[in-house]
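Residue numbers (our numbering), protein chains in the order written: chain A, 5 to 307; chain B, 331 to 685.
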Ligand SMILES: Nc1ncnc2c1ncn2[C@@H]1O[C@H](COP(=O)(O)OP(=O)(O)OP(=O)(O)O)[C@@H](O)[C@H]1O
Ligand SMILES: [Mg+2]
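Now the structure itself:
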């Protein structure tokens, strides 16, 4: 998830908060800094920019040589094509977007519902061999997911979860639960156990104490964790490619990839679909950026 | 209100730490009972076991007539004040106070009335609409106390409630708690590692060490006759002088020649140590009547008193409390004199009070 973490940090308004000390330096240094940062920004942002441009160019401008940077006609046809089929009705892509929403949403909810109470339990109770258990849970994330694609595929075929949204939801949850437990345990550790103790003395049961006092204090943490889980599920490509095939089950990543190849590739459509695909996560991450930063910097600042 | 009876309490944490080895306490109805001891001696664990937040490994706990071993905290009808005040951060003072009552499902007017009463007792008037973050440490502590009050529980448990306050505020709050306890006739178990707090608050004090009770007694008993060398060293500042003595001619004699009146019933043939409070000794001009020679090792001027550390017969750490008018310089030759009554005498090998 390292990439997601970086993305999350980048969404923060870090620039304005740069401490003055870092700005001092000589003039030469700041010129060099600016130059390097600009170069980096161009390298990083150009593909994104090009994708956005391509998505609003007419097809003949897309294929124009030399490439047209500015003087092209703007059209929203590609975006229409993303959602609407040429013969009217819903397009296959729009169905896959809907699938992505369902799969990513459901797997995130499932991972959160399972992971948060588990994190609470690991944080609050004396569990036998707690450290070993936690290490085991984390270790499931050590290997690259690709390694288990084949076994999962075989197992899923046995139980009939191939080409099934439930199958994707389950596998994504399985990947997100360990992450959720680890990240949420950090947040739970930060909430003093005395709140629950006090609540229990006030007449609540342990679970009520958790639900009414600890849980509200965990909301920022849950938001941050859920966004990371959501980003993972939303972007996941390998399992989606292997485990699904039909248009009405496939999620957006393999569906978009599927547009490439064949005799001709409608690059405008690919670009538009990619933009539509990238937007929700960006918007969502932007909305909860405060919580994201809190999640990323967790433990960095002691109270 | 109700008394609390703790019998043969033992608590072993899952990691094997024995936090409480063997504790018997019998706390009377309406008593302010203080548990005093060094860090890690099991005070908090004992308190949490009474509250039901920690399940004891063995032993019984009774509140009033009820055996509460198997009751969850909610059913023990006890209020606890934590060192970290545990006020719900998202609630205003008013709601923090009302919370335990709403949990009980009391009707609104009654909740209102009780909250106001507790607020009046703890003088929270202007703080009622603030959140914990907007309160100072002392104010948070008053709110925490008020929250314990509103429920009118059968007993109060307090775990070092004043530790986070500065010295002055702590003294004020101490007076306040004592006053409140007397007014309500509340049973209160108060945990602290501050002996001044223990002495000034407690009707009785239990001194804990390594999960065991070393002594239970009134502040005076505990001060005058510490039950063990541990208690002798723990209570009093500066602590009691422990002077090696021998029984000879019906007197206690130290190596330096200091003569003390022996308490009746001293065992023979044991190495003994006499516990002598710094105020039971006096430094005087050398050769003064009934004095033995000693030398001033260091002098601590405390303003209202002077602590002389003197070398007496090779023992270099005998402390003497004197009024600030009596002045000797470091290294001065002085006479050391015992002015107190019969000292407490301890067996060196068992470390217990023998007479
Ligand atoms: N949850 C726990 N698991 C394992 N050991 C514990 C736990 N809680 C406390 N202990 C250990 O039990 C012993 C007694 O702890 P306790 O908190 O009762 O001490 P205390 O007298 O309250 O000390 P302090 O004055 O520092 O608060 C200590 O050695 C402590 O390390
Ligand atoms: Mg403690």
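Using N, Cα and C, we set each Cβ at its ideal position, and we do this for glycine too.
Ignoring anything shorter than 3 residues or poking outside the stretch 456-516 of chain B, list the beta strand (DSSP E) runs there in chain order.
The stretch 456-516 of chain B contains these whole beta strand (DSSP E) runs: 485-489.
Taking all protein chains shown into account, decide if residue 184(A) is buried (16 or more other Cβ within 10 angstroms of its Cβ) or exposed.
Burial call: buried.
What are the start and end residues of the beta strand (DSSP E) that includes residue 545(B)?
Segment 542-547, the beta strand (DSSP E) holding residue 545(B).
According to DSSP, is residue 75(A) helix, strand or coil?
DSSP places residue 75(A) in coil when its eight states are reduced to three.
Measure the alpha-carbon distance for residue 405(B) versus residue 441(B) and round it to whole angstroms.
If I take the Cα positions, the gap works out to 19 Å.
In angstroms, rounded to a whole number, what distance separates the CA positions of residue 179(A) and residue 434(B)?
If I take the Cα positions, the gap works out to 42 Å.
Taking 8 Å as the threshold, find out whether the stretch 415-422 of chain B comes into contact with the stretch 356-364 of chain B through three or more Cβ pairs.
These segments do not touch.
Would a check of beta-carbon distances place residue 205(A) closer than 7 Å to chain B?
Chain B, which has a Cβ nearer than 7 Å to the Cβ of residue 205(A), makes this yes.
Check whether the Cβ of residue 374(B) sits closer than 6 Å to any heavy atom of ligand 2, and report yes or no.
Yes, the Cβ of residue 374(B) comes within 6 Å of a heavy atom of ligand 2.
What in chain A is Cβ-close to residue 420(B), meaning under 8 Å?
By Cβ distance, chain A contributes 220, 221.
Who are the Cβ neighbours of residue 242(A) in its own chain at under 7 Å, not counting the five residues just before and after it?
The answer, listed in chain order, is 149, 150, 153.
Short of 7 Å in beta carbon distance, which residues of its chain neighbour residue 343(B), apart from the five on each side in sequence? Order them along the chain.
Answer for residue 343(B): 349, listed in chain order.
Can you say whether residue 147(A) is buried or exposed, counting buried as having 16 or more other CB atoms within 10 angstroms of its CB?
Classification of residue 147(A): exposed, given that the 10 Å Cβ count is below 16.
Check whether the Cβ atoms of residue 340(B) and residue 389(B) lie closer than 7 Å to each other.
Yes, Cβ-Cβ distance for residue 340(B) and residue 389(B) is below 7 Å.
Report buried or exposed for residue 295(A), applying the criterion of at least 16 other Cβ atoms within 10 angstroms of its Cβ.
That one is buried.
Apply the 10 Å Cβ neighbour rule to residue 393(B) and answer buried if 16 or more other Cβ atoms are within range, or exposed otherwise.
Residue 393(B) should be labelled buried.
Quick check: is the beta carbon of residue 176(A) nearer than 7 Å to any beta carbon in chain B?
It does not: the Cβ of residue 176(A) has no partner Cβ on chain B nearer than 7 Å.
Return the chain-ordered list of same chain residues with a C-beta closer than 6 Å to the C-beta of residue 492(B), the five sequence neighbours on each side being excluded.
Taken in chain order, the residues that qualify are 500, 503.
For the putative contact between residue 415(B) and residue 470(B), defined by C-beta atoms under 8 Å, what is the C-beta separation to the nearest angstrom?
Correct: roughly 5 Å between the Cβ atoms.
Hey, is the stretch 557-564 of chain B in contact with the stretch 574-584 of chain B, meaning 3+ C-beta pairs nearer than 8 Å?
With a cut-off of 8 Å, the stretch 574-584 of chain B and the stretch 557-564 of chain B do not count as touching, because too few Cβ pairs lie within range.
Report the neighbours of residue 434(B) on chain A: residues whose CB is nearer than 7 Å to its CB, in chain order.
The contacting residues are 207.
In chain order, which alpha helix (DSSP H) runs of at least 4 residues are fully inside the stretch 386-434 of chain B?
Whole alpha helix (DSSP H) segments, 4+ residues: 423-434.
Does any residue of chain B bring its CB to less than 7 Å from the CB of residue 295(A)?
Judged by the 7 Å Cβ criterion, residue 295(A) is not in contact with chain B.
Whole angstroms is fine: what's the gap from residue 306(B)'s alpha carbon to residue 532(B)'s?
Here chain B covers residues 331 to 685 and nothing more, so residue 306(B) does not appear.
Please classify residue 523(B): does DSSP put it in a helix, a strand, or coil?
Looking at residue 523(B) - three-state DSSP - the assignment turns out to be coil, as it is neither helix nor strand.
Apart from the five residues on each side of it in sequence, which residues of its chain come closer than 6 Å, Cβ to Cβ, to residue 55(A)?
Cβ neighbours of residue 55(A) beyond the five flanking positions: 275, 278.
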